[in-house]
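Chains as they are written, first to last, in our numbering: chain A, 1 to 164; chain B, 1001 to 1108.
Ideal Cβ placement from N, Cα and C applies to all residues, glycine included.
Keep in mind the model is a prediction, meaning the values are calculated, not measured.
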């Protein structure tokens, strides 16, 4: 019951995030999606993921969005989408039905198996994932620095003429 | 064709909701040209994937394995969001708008 209410809340927040006119309210509804899914993670037994989702999904990503919107401006664009809205909705509906048909029955054939603790799995079985994560974070920091620093991007001649 | 409908246990409700959430994210990806909105839609899609992972782990009693996978997905998704937003800011500075259609120079 509670799980159903939470998932309905998540879907409603997601729809509001997609359809909101202002970018800022869109970001806030996205934070709502993250917060509700953190509660859902906790109820499903995934406590570590709940904490990480709450701190990263609700905290860091929202701050990133607000920062980007404050730089780029909150202009509401009403331009026509590249795919017509009705066709897009139909495609999304078909894909949802297909996914539901394939995913939902597989949830019923689960056989519980004993397993190691989550820290053991994270540090020993999936150590490769951690290395990949570190690499991705490093690459991400470098590319964000490269994208946001104007001195590297603009040529020296441009900076003399353009920015004085 | 014989389709046996699944019983309404809580985890199947979550699985169905995850599919609808992925559909909402896909629609958002197709229905907008605003770069920041596109990243919002991508975040919703990834959220659906993480929810599906955790719900599947919970259904099969392998919560810990699904947690370690979900942590990887969340970290990489955050990096993708950061890079996408930085790209959006640069596009806004160079092209004057956040319209994704402005980026294709082959049209003109």
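query: Meets three-Cβ-pair contact criterion under 8 Å: the stretch 83 to 92 of chain A and the stretch 1014 to 1028 of chain B; result: yes
query: Residue-chain proximity (residue 7 of chain A, chain B), Cβ-Cβ < 8 Å; result: yes
query: C-beta neighbour in chain B for residue 39 of chain A, strict 8 Å; result: no
query: Beta-carbon proximity of residue 24 of chain A to residue 52 of chain A, cut-off 8 Å; result: no
query: CB contact check: residue 137 of chain A to chain B, cutoff 8 Å; result: yes
query: Neighbour flag for residue 1105 of chain B against chain A, beta carbons, 8 Å; result: no
query: Contact the stretch 127 to 146 of chain A vs the stretch 1093 to 1108 of chain B: 3+ CB pairs below 8 Å; result: no
query: Collapsed DSSP secondary structure at residue 1009 of chain B in the structure displayed; result: coil
query: DSSP state of residue 75 of chain A mapped onto helix, strand, coil; result: coil
query: For residue 979 of chain B, the residue or residues it bridges with in DSSP; result: Absent from the structure is residue 979 of chain B, since the part of chain B shown begins at 1001 and ends at 1108.
query: Proximal residues, the stretch 1058 to 1076 of chain B versus chain D, C-beta separation under 8 Å; result: No chain D appears in the structure shown, which is made up of the protein chains A and B.
query: Nearest-angstrom beta carbon gap, residue 1079 of chain B and residue 137 of chain A [assumed within contact, 8 Å]; result: 6 Å
query: Straight-line Cα distance separating residue 1046 of chain B from residue 1006 of chain B; result: Bear in mind that the predicted position of residue 1006 of chain B carries a pLDDT of just 49, short of 50, making it unreliable; the figure below should be weighed with that in mind. About 25 Å.
query: Coarse secondary structure for residue 81 of chain A, derived from DSSP in three states; result: coil
query: Residues near residue 50 of chain A by beta carbon distance below 6 Å, same chain, minus five either side; result: 38, 41, 42
query: Pairwise C-alpha distance: residue 105 of chain A and residue 1020 of chain B; result: 15 Å
query: Cβ shell of residue 1033 of chain B (< 7 Å), same chain only, five flanking positions each side left out; result: 1099, 1100, 1101
query: Beta-carbon proximity of residue 13 of chain A to residue 1037 of chain B, cut-off 8 Å; result: no
query: Proximal chain B residues relative to residue 85 of chain A, where beta-carbon distance stays under 9 Å; result: 1027, 1030, 1031
query: Partner residues on chain A for residue 1102 of chain B, Cβ-Cβ distance less than 7 Å; result: Correct list: empty, because the minimum Cβ distance to chain A is about 10 Å.
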